[in-house]
Amino acid sequence: MIFKSAVSKLNKYIYVGVILFLLLLTIPAFFEDSYEPFLVLFSIHFLVILFLIWTYKTTFYKIENTDLHWKSGPFYGKIDITKITKIEYHKGIYVPTIWKPALSHIGLIITYNKYDDIYISPEKQEEFIATLQRLNQNITFKNTPYVE
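Each residue of the sequence shown is one higher than the one before, counting from 6 in our numbering.
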């Protein structure tokens with residue numbers, strides 16, 4: 006079962022803002038006497054913009070058998086659902102985890118193994134959690150769900 010990442014308005018504004026900012030930074034180089042500064046700057050900005058679009062379009066979570074697969078651009082991973090110990094509802098820009106394959110500031114911090122955690126933001130949070138609970142009844146929950 007595949008779950009797309011929820012996308013908050015804040016993240017949409019940040020993505021669009023960064024892309025516009027990079028494009029605006031490229032304009033002055035266009036008016037230089039030499040075309041090399043423009044090509045260098047445009048190439049770098051173009052690659053950054055492609056990376057942002059790639060992560061925006063390919064962030065999702067997939068539950069397959071007893072594994073939770075996640076992907077965001079070039080980054081991906083797999084979590085054994087039976088190793089999940091806790092799910093914490095989280096809302097805020099600052100997230101106290103290392104892995105954050107999510108496009109929303111409202112999501113879930115999943116703790117698995119002994120000390121590993123990941124922040125994700127499935128679009129259909131209730132359905133996602135129900136699917137995880139069917140596969141692992143030992144998951145504990147912290148906080149209450151947030152609604153945007």
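We put the CB at the ideal spot given by N, CA and C, even for glycine.
Opposing strand residues paired with residue i [DSSP bridges]
i	result
THR116	LYS91, ASP122
TYR66	PHE8, TRP75
PRO157	Lying before the first or after the last residue shown, residue 157 is absent from the chain, which here runs from 6 to 153.
ILE58	The partner list for ILE58 (beta bridge, DSSP) is empty, contrary to what the question assumes.
Host beta strand (DSSP E) of residue i (start-end)
i	result
ILE103	Careful: ILE103 lies outside any beta strand (DSSP E) and carries neither H nor E.
ILE84	80 to 85
Endpoints, alpha helix (DSSP H) assigned at residue i
i	result
ILE134	130 to 140
Exposure of residue i, with buried meaning 16 or more beta-carbon neighbours within 10 Å
i	result
GLN142	exposed
(request) Answer yes if the stretch 86 to 93 comes into contact with the stretch 32 to 40, meaning at least three C-beta pairs across the two stretches below 8 Å, and no otherwise. (result) Counting C-beta pairs closer than 8 Å gives fewer than three between the stretch 32 to 40 and the stretch 86 to 93, which falls short of the contact rule.
(message) Quick check: the stretch 95 to 113 against the stretch 76 to 87, are at least 3 beta-carbon pairs closer than 8 Å?
(response) The answer is yes - the stretch 95 to 113 touches the stretch 76 to 87, with three or more Cβ pairs under 8 Å.
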